[in-house]
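Using our numbering, read the sequence shown as starting at 725 and increasing by one per residue. C-beta atoms are modelled at their ideal positions from N, C-alpha and C, and glycine is treated no differently. None of the values given here were measured: they were computed from a predicted structure. A short write-up of the structure that comes next.
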Amino acid sequence: MSGEEGRDAADAAPRSPKGTHDVLPPASSRWEALIARYAVLAERYAFGLAHTPAFEDARVFRRGIGEASEVVGKEMYEFEDRSGRRLALRPEGTAPIVRAFVQHHPVTPWRVWYVTPAFRYEQAQAGRYRQHHQLGAEVLGTEDPDVDVEVIALAHDFYRELGLTAFTLRITSLGDLTCRPAYLVELSAYLEGVEGALCDEHRETWRRNPLRVLDCKREACRAATEKAPRLRDRLCEPCETHLQRVYEGLRAVGIEFHEDDRLVRGLDYYTRTTFEFTGTSLDSASDALGGGGRYDLLAEALGGPPTPGIGFGTGIERVLLACDAEGVLPVVAPTAEVFVVDVTGGAVARDLVMSLRRAGVRAERAYDGRSMKSQLKAADRSGAPLAVIVGPAELAEGTVVVRDLAAGSQATEPLAGLLARVASTGTMTGAAT
Ligand code: HAM
């Protein structure tokens, strides 16, 4: 993919903004395949499709994701509309789904999947974009740990069905309002003691979000937090029982995982089960294939009744990078089944492609009254196995020539016969679909 914007000279042709990409044929056929496979799987897991707006009242994200998070603090595309409303382009898919849940109060458990663009003002690099796209799923209205297992299994099975094997699942619990506040006090006291040894960034910011320090990849923070107290050892009994039930469920359905007591994700709404799939074939700077977790306090934060929830999101671009690295999901752009060549003025081609398409056949044609030679070249380039050719003689007789473009063989047949056959079978070759 390419496409650096520029703050080009005023008269230069505008380009796609920095950190965004055009997805065009034939490469876009992989996007279609990926989304279609996810849709089938999500529906097999009994999720229904939800579409929410690309922009929301900015409070949905400020309250939902948290003011202290990088996503809200540094990366959100926030703006005022022409009437002075404070809006934001969605940086992620969960808070809007919970906002919709609170607004429409559907019957619970509410299970929805989505495919959506997400916007974050990040340092653009390979695998990290300012507009990326996520496939995701959310379940609202149940705390049952079996649902945690189902959501993780949906992500896992999606990767597996694509043919991916180079990924690992890390999982932990971020506790709840009973056990986390006391832990944060303890962690903060510890960090105060080692402040001087933290990396430059976290020496400045640890007070705002002490948990993030544990997730820092820099050696200084790693070493300084080696002996830091871990929430994993201080979970209250209900959180511990919940986590053990999730582990038990994952083992029962054959999903391998690693406990990771440093895992802290970049969004502040998580409680209890939190997980991330790491793509081991991806660049380490952007190797999160997907992630998610519980957000049992989010509905309340958005003005709704207390409602537990869990979900996950996975980046389409990252999944495709992983597919490239593992050599799965090749680009298979659909080609036409038949190319219509008409050198009698174009009216036959106009009507014939319509009849073919309405019967279910993928049909292409040439335009602009090109020569026979030029149209046959276009037919070859199209990749269609068959051409239907109409010249003055065929027009006069009500016939067409059907040519096998690979073999070079051809036969003449009545146009009416061809149309009847295609209409009854839905294919050019005559076999019923
Ligand atoms: P997230 O981890 O921020 O979680 O994003 C989910 C996935 O989106 C990442 O694992 C990654 O594959 C992809 N992604 C994120 N940022 C970028 C980027 N700048 N460029 C390319 N890909 C990116 C969420 O967004 C949560 N809403 C997930 C969730 C759902 N939690 C509960 N329910």
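{"Asked": "Straight-line Cα distance separating G860 from Q827", "Found": "20 angstroms"}
{"Asked": "L878 vs Y769 beta-carbon contact at 9 angstroms", "Found": "yes"}
{"Asked": "Host beta strand (DSSP E) of D1128 (start-end)", "Found": "1123 to 1128"}
{"Asked": "Counted within 10 angstroms of its Cβ, other Cβ atoms place M800 as buried (16 or more) or exposed", "Found": "buried"}
{"Asked": "Close-in-space but distant-in-sequence residues of the same chain around F981 (CB under 6 angstroms, 5 per side omitted)", "Found": "L893, I895, L974"}
{"Asked": "Option in T965, G1016, A1111, A1009 with minimal Cα separation from R989", "Found": "G1016"}
{"Asked": "Exposure label - T1157; buried when at least 16 CB within 10 Å", "Found": "Bear in mind that a pLDDT of 47 at T1157, under 50, signals an unreliable position, so the model cannot answer this."}
{"Asked": "Whole-number beta carbon distance between A1102 and A1090, since they are thought to touch under 8 angstroms", "Found": "5 angstroms"}
{"Asked": "Any non-hydrogen atom of the ligand HAM within 8 angstroms of V1043 CB", "Found": "yes"}
{"Asked": "Helix, strand or coil at T965 according to DSSP, with G and I counted as helix", "Found": "helix"}
{"Asked": "Proximity test, Y801 beta-carbon vs the ligand HAM heavy atom, cut-off 8 angstroms", "Found": "no"}
{"Asked": "Selected residue, minimal CA-CA separation from R946, among F825, D924, V1124, P1138", "Found": "D924"}
{"Asked": "Under the three-state DSSP convention, the category Q1099 falls into", "Found": "helix"}
{"Asked": "Cβ-based burial, G727 [other Cβ within 10 Å; buried from 16]", "Found": "Because the pLDDT of G727 is 45, which lies under 50, any placement of that residue in the model is unreliable, and the number read from its coordinates should be weighed accordingly. Exposed, by the Cβ-count rule."}
{"Asked": "Rounded separation between V1077 and D781 - CA only", "Found": "47 angstroms"}
{"Asked": "Given R852 as reference, the closest of D1104, D1075, G1039, V1126 once Cα atoms are compared", "Found": "G1039"}
{"Asked": "Touch test, the region 1051 to 1059 against the region 1118 to 1130, Cβ-Cβ under 8 angstroms, three pairs minimum", "Found": "no"}
{"Asked": "Simplified DSSP state of G1141, which is helix, strand or coil", "Found": "helix"}
{"Asked": "Sheet register partners of L811 (DSSP bridge)", "Found": "D781, F803"}
{"Asked": "Closer than 8 angstroms: L1162 CB and nearest the ligand HAM heavy atom", "Found": "As shown, the chain starts at 725 and ends at 1157. That puts residue 1162 outside it, with no answer to give."}
{"Asked": "E919: CB within 8 angstroms of a non-hydrogen atom of the ligand HAM", "Found": "no"}
{"Asked": "Per-residue DSSP class, three states only, for E862", "Found": "strand"}
{"Asked": "Near the ligand HAM: E862 beta-carbon under 8 angstroms from a heavy atom", "Found": "yes"}
{"Asked": "Coarse secondary structure for A736, derived from DSSP in three states", "Found": "coil"}
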